[in-house]
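Peer 1: Residue numbers (the numbering used here), protein chains in the order written: chain A, 1 to 114; chain W, 115 to 226.
Before anything else, here's the structure in question.
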């Protein structure tokens with residue numbers, strides 16, 4: 001079955017640690033996105049990528065980094081520079097072939113600082 | 115300036131009534147608009163998408179788009195308690211990079 005897989009589902013980070021969230025899709029989508037969601041809030045865009053080896057900063061990129069070496073994969077690293085990383089992280093993908101194709105989401109990773 | 119605005123709610127409606135959810139956006143060049151439903155603790159799931167001015171119906175859901183007013187809405191007819199969730203409006207902004215921006219969401223509560 002085609003879909004987007006995020007792992008792990010739950011992640012705990014110690015102060016000062018870098019952690020990497022995985023996002024893999026087998027939908028053959030070119031565009032991929034990372035969002036952060038805080039309790040009771042909407043989705044805020046961290047990074048997005050339209051094609052392999054290209055990505056753009058979203059609205060809250062500070063303290064995060066990404067790579068897009070393969071079409072299927074778009075991992076997000078939460079660095080120690082991100083001072084308040086506790087949140088729900090969502091990865092999505094879409095095809096930009098048409099002007100308005102919808103984005104599909106993974107199940108999310110809940111990150112907690114301990 | 116926020117690019118996509120929604121009333122955070124909660125919007126409370128009785129079972130069987132019509133729920134009306136509204137969204138405004140700032141990028142006049144946007145061409146694609148989406149409504150997602152998100153249950154607590156879950157990831158968003160697509161309800162409707164609309165690209166052209168006017169209405170688009172799918173079962174109990176109707177999306178309405180007015181590009182001149184930069185306004186998109188979602189109507190839910192015969193609301194059910196299972197419709198209780200947060201509804202997120204999303205806009206794919208213009209500029210060639212497929213940037214997808216979400217509003218903060220409107221929480222809908224349907225009471226029996």
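All C-beta atoms, glycine included, are put in the ideal place defined by N, C-alpha and C.
Owing to the predicted nature of the structure, the values given are computational and were not obtained by experimental measurement.
1) To the nearest whole angstrom, what separates the beta carbons of residue 149 (chain W) and residue 161 (chain W), a pair I think is in contact under 8 Å?
2) In chain W, which residues lie less than 7 Å from residue 103 (chain A) when you measure between Cβ atoms?
3) CA-CA distance, residue 61 (chain A) and residue 130 (chain W)?
4) What residue range is occupied by the uninterrupted beta strand (DSSP E) comprising residue 42 (chain A)?
5) On the three-state DSSP scale, how would you describe residue 196 (chain W)?
6) Could you have a look at residue 133 (chain W) and say whether DSSP puts it in helix, strand or coil?
7) Within 8 Å of any Cβ in chain A, is that where the Cβ of residue 175 (chain W) sits?
8) Residue ranges of each beta strand (DSSP E) run of no fewer than 3 residues wholly in the segment 1-56 of chain A, ordered along the chain?
9) Secondary structure at residue 114 (chain A), three-state DSSP: helix, strand or coil?
10) For residue 112 (chain A), which of A:46, A:37, A:52 has the nearest alpha-carbon?
11) Would you please verify whether the beta carbon of residue 218 (chain W) is less than 8 Å from any beta carbon of chain A?
12) Where do the N-terminal and C-terminal ends of the beta strand (DSSP E) with residue 168 (chain W) fall, by residue?
13) Is residue 188 (chain W) close to chain A? Criterion is C-beta to C-beta, closer than 8 Å.
14) Any heavy atom of the ligand MN within a distance shorter than 7 Å of the CB on residue 56 (chain A)?
15) Can you give me the Cβ contacts of residue 13 (chain A) inside the same chain, cut-off strictly under 8 Å, excluding the 5 residues immediately before and after it?
16) By Cβ distance below 7 Å, which residues in the same chain neighbour residue 17 (chain A) in space, the five residues on each side in sequence not counted?
Peer 2: According to the data block:
1) 5 Å
2) 214
3) 43 Å
4) It is not in any beta strand (DSSP E) - residue 42 (chain A) carries neither H nor E in the DSSP assignment.
5) helix
6) strand
7) no
8) Qualifying beta strand (DSSP E) stretches, in chain order: 4-7, 10-13, 19-25, 31-37, 43-51.
9) coil
10) Closest option to residue 112 (chain A), Cα to Cα, is A:37.
11) yes
12) Per DSSP, residue 168 (chain W) is one residue of the beta strand (DSSP E) stretching across 168-172.
13) no
14) Of ligands this structure carries none, so the ligand MN is not represented either.
15) 19, 78, 85, 111, 112, 113, 114
16) These residues qualify, in order along the chain: 80.
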